[in-house]
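First comes the structure, then the notes that go with it.
2 protein chains.
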Amino acid sequence: MIRHTVAFKLKHAPGSEAEAAFLEAARVLTTIAAVRNFEWLRQVSPKNPFAFGFSMEFASQQDYESYNVHPEHVRFVETRWKPEVVDFLEIDYVPFEP
Amino acid sequence: MIRHTVAFKLKHAPGSEAEAAFLEAARVLTTIAAVRNFEWLRQVSPKNPFAFGFSMEFASQQDYESYNVHPEHVRFVETRWKPEVVDFLEIDYVPFEP
Chain A
247 MIRHTVAFKL
257 KHAPGSEAEA
267 AFLEAARVLT
277 TIAAVRNFEW
287 LRQVSPKNPF
297 AFGFSMEFAS
307 QQDYESYNVH
317 PEHVRFVETR
327 WKPEVVDFLE
337 IDYVPFEP
Chain B
247 MIRHTVAFKL
257 KHAPGSEAEA
267 AFLEAARVLT
277 TIAAVRNFEW
287 LRQVSPKNPF
297 AFGFSMEFAS
307 QQDYESYNVH
317 PEHVRFVETR
327 WKPEVVDFLE
337 IDYVPFEP
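As you go down the protein sequences, you meet chains A and B in turn.
When we follow my numbering, the leftmost residue of the first sequence carries the number 247, and every step to the right adds one.
When we follow my numbering, the leftmost residue of the second sequence carries the number 247, and every step to the right adds one.
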């Protein structure tokens, strides 16, 4: 399992309609078959510059790659992510037991 | 629920005994009563400088604060984290539904 996370900051004012519309628009990502356990996250630590996060899980690297090129994902990135996100950091995790 | 995560990089060589010992030493954090769903994570994205992560969940802000001052946590930070971690980023998430 690969957990793909991205912490981000929007250009919109906190609590604005534009902010809410962006977060709602991300719902399309949950319709992509490879995406499991999608989460909307509020980032609450003062130790980084981000206000939100998304988290999703893929069963395999192949599923992850199918998501990256999926037309709904590509459309979301081009039409919402690039114009509305001002800062972000992707962190991908694979759980393990030492 | 608050999910506390930290992505980090160790000073140890990848695959070294010192690396394994650090990761094993973190097991003490799982014994702290407030800590739920502790995970060891391998960070696999090339888009950030971190090699590992820890994730844990707290039922409340009060539980989070009790963890921060818990003697086993403080001891781990002083004796292992500070001497062995060369870079890290804390990200704390609260899931929500838009």
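The C-beta atom is built at its ideal place from N, Cα and C for all residues, glycine as well.
Nearest to residue i (by Cα), restricted to the options the options
i, options, result
"Lys257 of chain B", "B:Arg282, B:Trp286 and B:Phe296", "B:Phe296"
"Thr325 of chain A", "A:Ala305, A:Pro344, A:Trp286 and A:Phe268", "A:Phe268"
"Pro317 of chain A", "A:Ser306, A:Val274, A:Gly261 and A:Ser262", "A:Val274"
"Ile278 of chain A", "A:Trp327, A:Lys328 and A:Tyr310", "A:Tyr310"
Residue i and residue j closer than 8 Å at C-beta
i, j, result
"Lys255 of chain A", "Val332 of chain A", "yes"
"Pro344 of chain B", "Glu270 of chain A", "yes"
"Thr322 of chain B", "Ala259 of chain B", "Looking at the sequence provided, one finds Phe at residue 322 of chain B rather than Thr. Their beta carbons are not under 8 Å apart, which means Phe322 of chain B does not touch Ala259 of chain B by this criterion."
"Asn294 of chain B", "Glu336 of chain A", "yes"
Cut-off 6 Å between Cβ atoms - residues of its own chain near residue i, not counting five sequence neighbours on either side
i, result
"Gln308 of chain B", "none"
"Ser312 of chain A", "Ala280"
"His250 of chain A", "Met302 and Asp338"
"Ser262 of chain B", "none"
"Phe334 of chain B", "Val252 and Phe254"
"Lys328 of chain B", "none"
"Ala305 of chain B", "none"
With 16 other Cβ atoms within 10 Å as the buried cut-off, status of residue i
i, result
"Val252 of chain A", "buried"
"Met247 of chain A", "exposed"
"Gly299 of chain B", "buried"
Assumed close pair residue i, residue j - CB separation to whole angstroms, cut-off 8 Å
i, j, result
"Asp338 of chain A", "Val290 of chain B", "5 Å"
"Arg282 of chain A", "Glu303 of chain A", "4 Å"
Beta-carbon proximity list for residue i, same chain, < 7 Å, skipping 5 on both sides
i, result
"Thr276 of chain A", "Phe284"
"Ala264 of chain B", "His258"
Same chain, Cβ closer than 8 Å to residue i, neighbours up to 5 away in sequence not counted
i, result
"Pro341 of chain A", "Met247 and Arg249"
Distance cut-off 7 Å: residue i Cβ against heavy atoms of the ligand GTP
i, result
"Pro341 of chain B", "Judged by which ligands are present, the structure shown has none, so any question about the ligand GTP falls away."
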